[in-house]
Amino acid sequence: MVEPRVVVVGAGPAGVRCAEALASAGIRPTLVDENRRDGGQIYRRQPENFARSYAKLYGTEASRAAAIHSSFEKLRGQIDYLPQTLVWNIEGRNLYLVRDARHITLTFDALVLATGATDRLMPVKGWNLSGTYSLGGAQVALKSQACAIGADVVFAGTGALLYLVAAQYQRAGARVRAVLDTAPWSDRVGALRDLFAVPATLLKGLLLTFALRRAGVPVYTGIEPLEIVGTGAKGVSGISFKDSRGRTVDMECDAVALGYHLRPETQLADLARCEFYFDPATRQWLPQVDPDGRSSVAGVYLTGDGARVRGAAAAEKSGELAALAVLQDLGRAPDLDAMRALRRSLETFDHFARGLNQAFPWPSGQAARLSDDTIVCRCESVSVGELRQVVQQAGARESNRAKAFSRVGMGRCQGRYCGHAAAEIIAHAANVPIEKVGRLRAQAPVKPLHIATVQNADEARSNASVEGVR
Amino acid sequence: MSTGASNPVAVSDVVIVGGGIMGTSCALFLRRRGLTVTLVEQGLVGQQASGTNFGNVRRQGRPLMQLPLANRAIANWRRMKELVGCDVEYLQVGHVRVCYRDRPELVDELERYAREARTYDLELDVLTGAAMRRQFPYLGKEVLAASFSRNDGHANPRLVSPAFARAAQRAGAAVFEHTRIVNVEKDGTDFRVTSEDGRVFRAPVLAITAGAWGNRLSAQFGEPVDLTARGPTMCVSEPVPYSIYPSTGVFTPLEQETVYFRQIPRGNVIIGGGTRGPAYPDLCRAYVRPENTLRQLGQIQRLAPSLGRLNIIRVWSGIEGYTPDGQAVLGASEQVSGLFYGFGFSGSGFQVGPGVGETLAELIHTGTTAIPLEAYRMSRFAGSPAGMRREGLAR
């Protein structure tokens, strides 16, 4: 019997647990990852010559991080691991990769996408100034390189990550000037019932908030960011916001970390032609998945935060469950009781995720109040006013149409960071419901592709026909 | 199918089916002649070939018989702002057409073309050696000769057809988007044009400018064309300082070698050409094949090696309709009076578009035009295998 070719993309908690479950069923999966080392974003490992302890690096998550890393080490002999490898395109049953400036085609029978999540962002005037980072970016700087994004940092936005990263900075010795949360306290109280679904995580969240307050970090809730202040030459010098009572507060700082919860990285799912649906609770388009992670395309599975943002603990379980679904679909008999238990456990995380969305809602209303001179698409430098103009004067009432006319979302991030806000701006300017605005279609390459990686036409042809990289 | 009793949603002098560059420009020129116009488009105007093509506004390299039409078009490109009321990023920065050392015989062809094109007011300079290197230092070592057309250029295809449609609307044309036409017939002296959802449009004149979908309508009048739908392979780089002004492409008989690029003032380099990909007119989708992109990126470095230092940030495609001989169907139907065609431009319709629209409008209004249309006659396909395959293509 020919071994089924299973490819897992992403070596974070979902991808590692998925590869582990596949390996223990006797399949040798190929694990492709963009990073230098395993761990994904949340359990990102520091460079080999760095010596910070797990407790220092991961805080409350130290034992989980250690467990994932050691599971991965044990797996090394049972998987084909391709780090620093970009999956830039998918066509049918072929994955197109670039590794060490070489093109490789991987053919798969089953593909598990464990692509994780990135920050969901709402523009604010001045967010294009240097010194503005996403929360995720601020965390990467700290975890990977032991660097802070500034000496005097404001954390703004909403969601659990806002408090987590602020606390990590505070613990690492950076000055945290303030935490500015757009969600009012009342939303958190309303969400408590759902948040009790996973009491341990709720407790951790509360402890983080207390730790910040104890350290003297001012925490403002129910705010609205007005402007990140600074100059093009010198970058960020402060932030101005409206507090919960409507008063304008100006605060000095040299860096701002911004983020409103997370959004799944779905470009590869889109290129694999998976169906998407509009989720009214989070006001975003998500790929369809069944409870086990099967997408609408046979043989393509979506797992972890790349399918649904439910956090790292849920990602481990959903990665394992996706592996069992792969096995089931390949005709291997997986442990059905284990599948049932994983599904049940994921339901509690769904519950908790609903609570988080309620406690820290996406501030969609801000889009309507953004000034015309605010930049919405930073890659292409498209202002809110220009976007409104193509809606109101050129009749673009759909995301891809507005992109064609204004270049919003056309740059190197492909709309990852502006797409959600642009949709809100279009919906408001066109006076149509957000779901009618649609979503930006993903286009290859998933990340920028260096032209010189294709040395000449003949090489491109011969490499494109290489199967596997054993 | 709607019943004969249903009232038309629009009655006008002309119904145009297909809102690409041909249809939208035709609508504007008809309005300028005072005719009432209804334009119907299955999706959004300029969404397929007209909006996704490379954006070359070039006469160089076109068959000589196309040049009168191309010249009429370029006059309109030059007054585009006045015509459509907005900037479509049209730049007359020149067009370079090169051949490689491994095909030295093509230099003669470049020179012959330059001689013959001169009688059509197309001035070309064929350069080789140091003169070529001095003027176009970015060309690769394999390039043997370059033919330069000073007055050609490029524009942003995403903007042009929507701008024509808006200008036509401002001039009084009725534009119906998201209106897929399934049935066309002549009913007495009028055409009845019926959409998928049963809406009826009536006019004594019907113009079919439906690109890759044109045959589905022409076949209903017994005039099928064997149209093949293909998707161009396109990509764009991140922005870098603006330094290469002319649009530049390879002249070669080999499809995979025919790559071209242009840089826009904001810095991005747009790359097109090479092997075309599959297109699905029923789904209104065309996909870029990854292997075609890789091959294209390999070829583009032969043309301009320094482009290798750039990163590609996006690929795209659209749906183009190719006829068996690569020439469009353009002009009046010889079978049905009041019926006009302008489709099947086979991947090279963008530059001629504003000339096609003006010529069709003239033909519809006056019954004649000075532009020679003999080579574009629909009847050249009559009795050909296209006719035989009508059953399969009508759907």
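Here the protein sequences come in this chain order: A and B.
Counting from 0, one number per residue, gives the positions in the first sequence under numbering that gives the first Met the number 0.
Counting from 0, one number per residue, gives the positions in the second sequence under numbering that gives the first Met the number 0.
Where is the CB? At the ideal position from N, CA and C, for every residue including glycine.
Original post:
In its own chain, which residues sit with a C-beta less than 7 angstroms from the C-beta of Cys85 of chain B, not counting the 5 before and 5 after it?
Top reply: As a first step, residue 85 of chain B is located in the second sequence; it is residue number 86 there, counting from the start. Taken in chain order, the residues that qualify are Ala162.
**OP:** Ignore the nearest five residues each way along the sequence and tell me which others in Tyr375 of chain B's own chain have a CB closer than 7 angstroms to its CB.
**Re:** Here residue 375 of chain B corresponds to residue number 376 of the second sequence, with the count starting at 1. Gln326, Ala327, Val328, Leu329 and Gly330.
Subject >> Glu423 of chain A, buried or exposed, once every other Cβ within 10 Å from all chains shown has been counted against 16 >> reply: For the purposes of this step, residue 423 of chain A is taken as the residue at position 424 of the first sequence. That one is buried.
**OP:** Tell me, please, whether the segment 343-359 of chain A touches the segment 300-313 of chain A by the rule of three or more beta-carbon pairs shorter than 8 angstroms.
**Re:** Inter-segment contact for the segment 343-359 of chain A and the segment 300-313 of chain A is present: three or more beta-carbon pairs are separated by less than 8 angstroms.
Subject >> 8 angstroms contact criterion, which Asp253 of chain A and Gly156 of chain A should meet: CB distance rounded >> reply: As a first step, residue 253 of chain A is located in the first sequence; it is residue number 254 there, counting from the start. As a first step, residue 156 of chain A is located in the first sequence; it is residue number 157 there, counting from the start. About 18 angstroms separates the two Cβ atoms, so there is no contact after all.
**OP:** Would you verify that the beta carbon of Val287 of chain B is, or is not, closer than 8 angstroms to some beta carbon of chain A?
**Re:** For this step, residue 287 of chain B is matched to residue 288 along the second sequence. Chain A contact via Cβ: present.
Subject >> contact_flag[the segment 442-452 of chain A, the segment 75-90 of chain A] where n(CB pairs < 8 angstroms) is 3 or more >> reply: Segments in contact, yes.
Subject >> Straight-line Cα distance separating Gly303 of chain A from Gly354 of chain A >> reply: Here residue 354 of chain A is taken as the residue at index 355 of the first sequence, counted from 1. Here residue 303 of chain A is taken as the residue at index 304 of the first sequence, counted from 1. Rounded to the nearest whole angstrom, the C-alpha separation of Gly354 of chain A and Gly303 of chain A is 18 angstroms.
Original post:
Does any C-beta atom of chain B lie closer than 8 angstroms to the C-beta of Leu448 of chain A?
Top reply: On the first sequence, residue 448 of chain A is found 449 positions in, with the first residue counted as 1. Put simply, the CB of Leu448 of chain A is near chain B, with a gap under 8 angstroms to one of its CB atoms.
Original post:
Using 8 angstroms as the limit for Cβ to Cβ distance, is Arg387 of chain A near chain B?
Top reply: If you number the first sequence from 1, residue 387 of chain A lands on position 388. The beta-carbon of Arg387 of chain A is placed no less than 8 angstroms from the nearest beta-carbon of chain B.
Original post:
Taking Cβ positions only, does Val465 of chain A come closer than 8 angstroms to chain B?
Top reply: Translated into positions along the first sequence, residue 465 of chain A becomes position 466. Low confidence applies here, because Val465 of chain A scores a pLDDT of 38, under 50, leaving its location unreliable; read the following figure in that light. Val465 of chain A does not count as touching chain B.
**OP:** Could you confirm whether any beta carbon from chain B is found closer than 8 angstroms to the beta carbon of Gly414 of chain A?
**Re:** Within the first sequence, the letter at position 415 stands for residue 414 of chain A. False, the Cβ-Cβ gap to chain B never drops below 8 angstroms.
**OP:** Using a Cβ cut-off of 9 angstroms, pull out every chain A residue sitting near Phe50 of chain B, in sequence order please.
**Re:** Working through the second sequence from its first residue, we reach residue 50 of chain B at position 51. Note that residue 50 of chain B corresponds to Gly in the displayed sequence, not to Phe. Those are Ala403, listed as they occur along chain A.
**OP:** Locate the alpha helix (DSSP H) running through Ile299 of chain B, then write down its first and last residues.
**Re:** In the second sequence, counting from the first residue as 1, residue 299 of chain B sits at position 300. Per DSSP, Ile299 of chain B belongs to the alpha helix (DSSP H) from Pro289 to Leu302.
**OP:** State yes or no: is the beta carbon of Val314 of chain B nearer than 8 angstroms to at least one beta carbon in chain D?
**Re:** Here chain D cannot be found, since the structure's protein chains are A and B.
Subject >> Option nearest Thr181 of chain A by Cα separation, candidates A:Gly364, A:Gln144 and A:Ala451 >> reply: Here the question's residue 181 of chain A lines up with position 182 in the first sequence. Of the listed residues, the one whose Cα sits closest to Thr181 of chain A is A:Gly364.
Original post:
What beta strand (DSSP E) runs, 3 residues minimum, are completely inside the segment 28-71 of chain B?
Top reply: The qualifying runs are 36-39.
Original post:
Should Ala459 of chain A be flagged as near chain B, meaning a C-beta pair shorter than 8 angstroms?
Top reply: Stepping through the first sequence from its first residue, residue 459 of chain A is reached at position 460. For Ala459 of chain A, the predicted model reports a pLDDT of 44, less than 50, meaning its position is unreliable; a value from the coordinates is still stated below. At least one CB atom of chain B sits nearer than 8 angstroms to the CB of Ala459 of chain A.
Original post:
Hey, does Ala18 of chain A have any beta-carbon neighbour from chain B nearer than 8 angstroms?
Top reply: Translated into the one-based positions of the first sequence, residue 18 of chain A becomes position 19. It does not; no Cβ of chain B falls within 8 angstroms.
Subject >> Between the CA atoms of Ala113 of chain B and Thr127 of chain B - distance to the nearest angstrom >> reply: Indexing the second sequence from 1 puts residue 127 of chain B at position 128. Indexing the second sequence from 1 puts residue 113 of chain B at position 114. Approximately 14 angstroms, taken between the alpha carbons.
Original post:
When you compare only the Cα positions, how much space is there between Val519 of chain A and Tyr80 of chain A?
Top reply: The structure shown has nothing for residue 519 of chain A, since chain A only spans 0 to 469.
**OP:** Can you tell me which of A:Ser23, A:Lys142 and A:Gly394 puts its alpha carbon nearest to the alpha carbon of Ile41 of chain A?
**Re:** Counting from 1 along the first sequence, the entry for residue 41 of chain A is found at position 42. Relative to Ile41 of chain A, the option among A:Ser23, A:Lys142 and A:Gly394 whose CA is nearest is A:Lys142.
**OP:** Drop a sphere of 10 angstroms on the beta-carbon of Tyr57 of chain A, count the other beta-carbons inside from all chains shown, and report buried for 16 or more, exposed for fewer.
**Re:** In the first sequence, residue 57 of chain A corresponds to position 58, counting from 1. In this structure Tyr57 of chain A is buried. Its beta-carbon is surrounded by 16 or more other beta-carbon atoms within 10 angstroms.
Original post:
From Arg75 of chain A to Val296 of chain A, what distance separates their C-alpha atoms?
Top reply: As a working note, residue 75 of chain A is residue 76 in the first sequence. As a working note, residue 296 of chain A is residue 297 in the first sequence. Going from the Cα of Arg75 of chain A to the Cα of Val296 of chain A covers about 29 angstroms.
Subject >> Between the CA atoms of Asp12 of chain B and Phe28 of chain B - distance to the nearest angstrom >> reply: Against the second sequence, residue 28 of chain B aligns to sequence position 29. Against the second sequence, residue 12 of chain B aligns to sequence position 13. Using only the alpha carbons, I get a separation of about 13 angstroms.
Original post:
Whole-angstrom Cβ separation of Gly297 of chain B and Thr232 of chain B, contact assumed at under 8 angstroms?
Top reply: Sequence index remark: in the second sequence, residue 297 of chain B carries index 298 (1-based). Sequence index remark: in the second sequence, residue 232 of chain B carries index 233 (1-based). By a beta-carbon distance limit of 8 angstroms, Gly297 of chain B does not contact Thr232 of chain B. Their separation comes to about 12 angstroms.
Original post:
Can you name the residues of chain A whose CB is closer than 9 angstroms to the CB of Glu319 of chain B?
Top reply: As a position in the second sequence, residue 319 of chain B is number 320, starting the count at 1. Within 9 angstroms of the CB of Glu319 of chain B, no CB atom of chain A is found; the nearest one sits about 17 angstroms away.
Original post:
Around the C-beta of Ser345 of chain B, are 16 or more other C-beta atoms found within 10 angstroms, so that it is buried, or is it exposed?
Top reply: As a working mapping, residue 345 of chain B is identified with position 346 in the second sequence. Buried, by the Cβ-count rule.
Original post:
Leaving out the 5 sequence neighbours to the left and right, which residues in its chain are closer than 7 angstroms to Asn214 of chain B when beta-carbon positions are compared?
Top reply: Counted from its first residue, the second sequence places residue 214 of chain B at position 215. Result list for Asn214 of chain B: Pro223, Val224, Leu226 and Leu392, in chain order.
**OP:** Decide if Asp186 of chain B is buried, meaning its Cβ has at least 16 other Cβ atoms within 10 Å, or exposed.
**Re:** The count along the second sequence starts at 1 and reaches residue 186 of chain B at position 187. Taking a 10 Å sphere around the C-beta of Asp186 of chain B, we find fewer than 16 other C-beta atoms and assign the residue as exposed.
Original post:
If you draw a straight line from the C-alpha of Val235 of chain B to the C-alpha of Pro183 of chain A, how long is it?
Top reply: Position 236 of the second sequence, counted from the first residue, corresponds to residue 235 of chain B. Position 184 of the first sequence, counted from the first residue, corresponds to residue 183 of chain A. Whole-angstrom Cα-Cα distance: 43 angstroms.
Original post:
Within 8 angstroms (strictly less), CB to CB, does Leu392 of chain B reach chain A?
Top reply: Translated into positions along the second sequence, residue 392 of chain B becomes position 393. The pLDDT assigned to Leu392 of chain B is 35, lower than 50, so where the model puts this residue is not dependable; a value taken from the coordinates is nonetheless given after this. Between Leu392 of chain B and chain A, the shortest Cβ-Cβ separation is not below 8 angstroms.
**OP:** On a CA-only basis, which of A:Phe209, A:Glu47, A:Ser294 and A:Arg187 is nearest Gln169 of chain A? Give me that one, please.
**Re:** Within the first sequence, residue 169 of chain A is the residue found at index 170, counting from 1. Among A:Phe209, A:Glu47, A:Ser294 and A:Arg187, the Cα nearest to that of Gln169 of chain A is on A:Phe209.
**OP:** Could you please give the first and the last residue of the uninterrupted beta strand (DSSP E) stretch that includes Trp87 of chain A?
**Re:** Along the first sequence, read from residue 1 onward, the residue named residue 87 of chain A stands at position 88. Run containing Trp87 of chain A: Thr84 to Glu90, per the beta strand (DSSP E) assignment.
**OP:** Rank A:Leu161, A:Ser185, A:Gly245 and A:Phe49 by C-alpha distance to the C-alpha of Val175 of chain A and give the top, closest one.
**Re:** Along the first sequence, one-based indexing puts residue 175 of chain A at 176. Distances from the alpha-carbon of Val175 of chain A to those of A:Leu161, A:Ser185, A:Gly245 and A:Phe49 put A:Leu161 closest.
Original post:
Checking contacts by CB at 8 angstroms: is Gly434 of chain A closer than that to chain B?
Top reply: Against the first sequence, residue 434 of chain A aligns to sequence position 435. A quick correction: the sequence has Glu, not Gly, at residue 434 of chain A. Judged by the 8 angstroms Cβ criterion, Glu434 of chain A is not in contact with chain B.
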